[in-house]
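A.B. asks: Please read through the structure below; I'll follow up with questions.
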Amino acid sequence: MSDRRRLIGPLNTIIPNIGISSNATEADVFKGPSSATRNEDGLRQFFLKTGIIENANGSAYLEVGGNIIQVSVFGPRPIRGSFVDRASFSVECKFLPYISQPNEQLYNNTTVNAGSTANTGPTNANANGRTGLTNIEQKISSYIETALLPSIVLEKYPKSTIDIFVTILSTESSNSGSTKVDAALLGISNWVLNCSSVALVDSGIELKDVVTSGVATLKNDKLLLDPEVISSGEDNENTLTCVVSFMNLRNDEIVGFWMEGDQSKFEESQVEQLIDGCNNMSRQVRANINSYFTSTLE
Amino acid sequence: MSKIVVPGQYIVPAYKLKPNSDKQIERYVPGKGTIISQIEAEGKQIPVVVATILGKVLIKEIEKEEKDDVKTFVVVVVPKSNSYIDYEAEFNSKALEAASISINLPKENDIVLVKITKITQKQVNCEILSVEGFGNVLADGGVGANGETAHASLPSGGGSQNLSSHQTIASSQSTALGAQTDDIGENFKGIIRSQDIRSTDRDKVKVIESYKPGDIVRAMIISLGDGSNYYLSTARNDLGVIFAKSENGSGNLMYPVDWQNMIDVQSGLVEKRKCANPFA
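In structure tokens:
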């Protein structure tokens, strides 16, 4: 789709400062996110900022651990075709082409180059030229869409679309060659969801509640909230990982649920334990988001 | 006393007893930026007025003619300031409540400003720029910056067209069949049919003597219309052309002489338009 009438620059075009000294000091060089410290509540610290993309209706930027996520919300925008009495809602989640995607060996049919490490080299088949979504991007987009849909008051926006574009700038996934689903995929989905919710609030679109979510791993009956990447394949034995999304101020309604792990031997009590864990994390994330928003208005 | 709320936050229960009273009932109705949600507390479902946007709470009593035991209040959430609200608030303190909500799609009976894009013998096509009393429909007012463009990675047909995650269950729930986004940077569009241009001699209206492409027109929404167009009317004295340039836009700004003539004072040209008199 291209604008047939005008030439428009890319999102947030910035004219470079040509002529500035090239003697960049060490402090200027981006070193990438450092491993985040954990708070007393067991969660990693995260960095959040809204309104970074001026020509989107709403946007948010989030850093946690090695994950960097940027979300822009467009809409409500007009549609073409027949009348609809409510907005349609869509989500598109993309990794930057040179980012290795979590579990891509498992889902994207890619092979790992020997010796390749996290976040280096395009490991996707035809990463740069691809136009559609990879299977992993598809999975994340679909989860985010399902979870956010119940929160949006779509009836307020007839004849329009609301589109969310997620760009993942960095992940903490590793190319371990593991064929098991590790925490990275669920972990990134969790933070993409939280970031998208924040962007939706920033856009001013009416919401029944802010959806937040939590991710938890149950490993040998030990519950870990917001797990970092489990890199070696062996560690994945006997683990269950789960993302659950909630509307915490609407009676803790569950709006999204995604579980991965060893399916043969889990019990109901374990799932309950995981959901409770995710709910705790979701509430903590929500509290942080709330205080962030309150501070932006003061 | 204005409290800051985030979406989902409880503001006040829909019904409550007045403090220090056991008879006086207070009723709260949701205004802009709020809805009623059923919240479970102590095993009961309680209707609560809940915020839907980030902003500040305003609670105002509705004055009623007849005396009655129930006092009614309307609850509004005013979004964080945008330039339009600031501007309005300078002149009119009540504007804050009216201009609440940062996104304002046109509704029936709203007065809008449109730009004429195309005329035919039967109708006038236009783009809706802003809703009177609320501000621009799109954040950029139709300039065209407000759209996803340069993502080269978008699938052919665009990221939001029935979406690429088309096959997933999620999309089939939310994306209405056949709902496609418009070209980028385009506004909501409208049509003024020739019989809706003025209220007298409707059958003798000549579109070419009423509007020309490029004119800025004040009009009223009479219908949400079909998928592509709103239906508008200018059949009122205060509706019609507000700004127009002579010689199909190549000339100078014109001023209204009467309800159907405009004059370009520099060249002396007089052109026919259906003029608005918004100050009547």
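Here the protein sequences come in this chain order: F and E.
One gets the working numbering by counting positions in the first sequence from 1 and adding 7 to each.
One gets the working numbering by counting positions in the second sequence from 1 and adding 16 to each.
Where is the CB? At the ideal position from N, CA and C, for every residue including glycine.
Here the structure is a predicted model, which is why all the values come from computation and not from measurement.
Answer yes if the region 61 to 71 of chain F comes into contact with the region 102 to 116 of chain F, meaning at least three C-beta pairs across the two stretches below 8 Å, and no otherwise.
C.D. replies: No contact exists between the region 102 to 116 of chain F and the region 61 to 71 of chain F.
A.B. asks: Could you check whether the region 126 to 137 of chain E touches the region 224 to 237 of chain E, counting it as contact only if at least three pairs of C-beta atoms, one from each stretch, sit closer than 8 Å?
C.D. replies: Taking 8 Å as the limit for Cβ pairs, the verdict is that the region 224 to 237 of chain E does touch the region 126 to 137 of chain E.
A.B. asks: Measuring CB atoms only, is the region 265 to 285 of chain F touching the region 227 to 235 of chain F, in the sense that at least three cross pairs come out at less than 8 Å?
C.D. replies: Short answer: they touch.
A.B. asks: Considering residue 153 of chain F, what are the terminal residues of the alpha helix (DSSP H) in which it resides?
C.D. replies: 142 to 155 is the span of the alpha helix (DSSP H), which, as asked, contains residue 153 of chain F.
A.B. asks: What three-state label does DSSP hand residue 64 of chain E in the structure shown?
C.D. replies: Residue 64 of chain E: strand per DSSP, three-state reduction.
A.B. asks: Please list the terminal residues of the continuous beta strand (DSSP E) segment that includes residue 86 of chain F.
C.D. replies: Counting along the chain, the beta strand (DSSP E) containing residue 86 of chain F begins and ends at 74 to 87.
A.B. asks: Applying the criterion that 16 or more other CB atoms from any shown protein chain within 10 Å of the CB defines a buried residue, is residue 31 of chain F buried or exposed?
C.D. replies: Unreliable placement is indicated for residue 31 of chain F, whose pLDDT of 48 sits below 50; no coordinate value is reported for it.
A.B. asks: Taking its Cβ as the centre, do 16 or more other Cβ atoms sit within 10 Å of residue 264 of chain E, making it buried, or is it exposed?
C.D. replies: Residue 264 of chain E should be labelled exposed.
A.B. asks: DSSP has residue 209 of chain E in a bridge; who is on the other side?
C.D. replies: For residue 209 of chain E, which the question treats as bridged, DSSP gives the partners E/139.
A.B. asks: Taking only three categories from DSSP, how would you classify residue 144 of chain E?
C.D. replies: Note: residue 144 of chain E maps to strand in three-state DSSP.
A.B. asks: So if DSSP puts residue 95 of chain E in a beta bridge, which residue, or which two residues, is it bridged to?
C.D. replies: DSSP, once it has assigned bridges, lists E/71 as partnering residue 95 of chain E.
A.B. asks: Looking only at its own chain, which residues have a Cβ that is under 6 Å from the Cβ of residue 44 of chain E, when we skip the five neighbours before and after it?
C.D. replies: 28, 30, 65, 89 and 91, listed in sequence order.
A.B. asks: I need the straight-line Cα distance from residue 261 of chain E to residue 46 of chain E, nearest angstrom please.
C.D. replies: So the alpha carbons of these two residues sit roughly 44 Å apart.
A.B. asks: State yes or no: is the beta carbon of residue 167 of chain F nearer than 8 Å to at least one beta carbon in chain E?
C.D. replies: So yes, residue 167 of chain F belongs to the interface.
A.B. asks: With distance defined between alpha-carbon atoms, name the residue in E/229, E/266 and E/147 nearest to residue 122 of chain E.
C.D. replies: Residue 122 of chain E has its Cα closest to that of E/147, out of E/229, E/266 and E/147.
A.B. asks: In or out: residue 78 of chain E buried (at least 16 other Cβ within 10 Å) or exposed?
C.D. replies: So residue 78 of chain E counts as exposed.
A.B. asks: Going by beta-carbon coordinates alone, are residue 74 of chain F and residue 174 of chain F separated by less than 8 Å?
C.D. replies: Going by C-beta atoms, residue 74 of chain F is not nearer than 8 Å to residue 174 of chain F.
A.B. asks: Do residue 217 of chain E and residue 250 of chain E have their C-beta atoms closer together than 8 Å?
C.D. replies: Not a contact, by the Cβ cut-off of 8 Å.
A.B. asks: Just to confirm my understanding: we take residue 108 of chain F, look at its own chain, exclude 5 residues before and 5 after, and list those with CB closer than 6 Å. What are they?
C.D. replies: Around residue 108 of chain F: 102 and 143.
A.B. asks: Taking the DSSP output, what are the residues bridged to residue 288 of chain F?
C.D. replies: DSSP, once it has assigned bridges, lists no residue as partnering residue 288 of chain F.
A.B. asks: Within 8 Å (strictly less), CB to CB, does residue 248 of chain E reach chain F?
C.D. replies: With 8 Å as the cut-off, residue 248 of chain E does not count as an interface residue toward chain F.
A.B. asks: Can you list the residues of chain F that residue 23 of chain E reaches, using a CB-CB cut of under 7 Å?
C.D. replies: 208, 214, 216 and 217, listed in chain order.
A.B. asks: Going by other Cβ atoms of all chains shown within 10 Å of its Cβ, with 16 needed for buried, is residue 201 of chain F buried or exposed?
C.D. replies: So residue 201 of chain F counts as buried.
A.B. asks: Since residue 218 of chain F and residue 262 of chain F should fall inside the 8 Å C-beta cutoff, what is the C-beta to C-beta distance between them, to a whole number of angstroms?
C.D. replies: Contact holds; Cβ gap of about 6 Å.
A.B. asks: Take residue 259 of chain F and list the residues in its own chain whose beta-carbon comes closer than 7 Å to its own, dropping the five residues that flank it on each side.
C.D. replies: Within the same chain, residue 259 of chain F has close Cβ partners 253 and 286.
A.B. asks: Please list the partners that residue 36 of chain E has in chain F, where partner means a Cβ-to-Cβ separation under 7 Å.
C.D. replies: Within 7 Å Cβ-Cβ: nothing; residue 36 of chain E doesn't reach chain F, min ~29 Å.
A.B. asks: Can you list, in chain order, the residues of its chain whose CB lies under 8 Å from that of residue 97 of chain F, leaving out five sequence neighbours each side?
C.D. replies: Around residue 97 of chain F: 152, 168, 169, 170 and 171.
A.B. asks: Note down the Cα distance separating residue 58 of chain E from residue 296 of chain F, rounded to an integer number of angstroms.
C.D. replies: The straight-line gap from Cα to Cα measures roughly 27 Å.
A.B. asks: Does any CB atom of chain F fall closer than 8 Å to the CB of residue 206 of chain E?
C.D. replies: Chain F contact via Cβ: absent.
A.B. asks: Which same chain residues end up closer than 6 Å to residue 192 of chain F when comparing Cβ atoms and leaving out the 5 residues on each side of it in sequence?
C.D. replies: Hits under 6 Å: 109 and 110.
A.B. asks: Just to confirm, is the Cβ distance from residue 197 of chain F to residue 222 of chain F under 8 Å?
C.D. replies: Result yes, Cβ atoms of residue 197 of chain F and residue 222 of chain F sit closer than 8 Å.
A.B. asks: Taking the alpha carbon of residue 204 of chain F as the point to measure from, which residue in F/49, F/80, F/305 and F/194 has its own alpha carbon closest?
C.D. replies: Nearest of F/49, F/80, F/305 and F/194 to residue 204 of chain F, Cα basis: F/80.
A.B. asks: Which first and last residues belong to the beta strand (DSSP E) in which residue 56 of chain E is found?
C.D. replies: Note, residue 56 of chain E: beta strand (DSSP E), 50 to 57.
A.B. asks: I'd like to check one pair, residue 96 of chain E with residue 70 of chain E: are the Cβ atoms closer than 8 Å?
C.D. replies: Yes, these two residues count as a Cβ contact at 8 Å.
A.B. asks: From the beta carbon of residue 267 of chain E, is the nearest beta carbon of chain F less than 8 Å away?
C.D. replies: Output row for residue 267 of chain E: interface = no.
A.B. asks: May I ask you to report which of helix, strand or coil DSSP gives residue 27 of chain E?
C.D. replies: DSSP places residue 27 of chain E in strand when its eight states are reduced to three.
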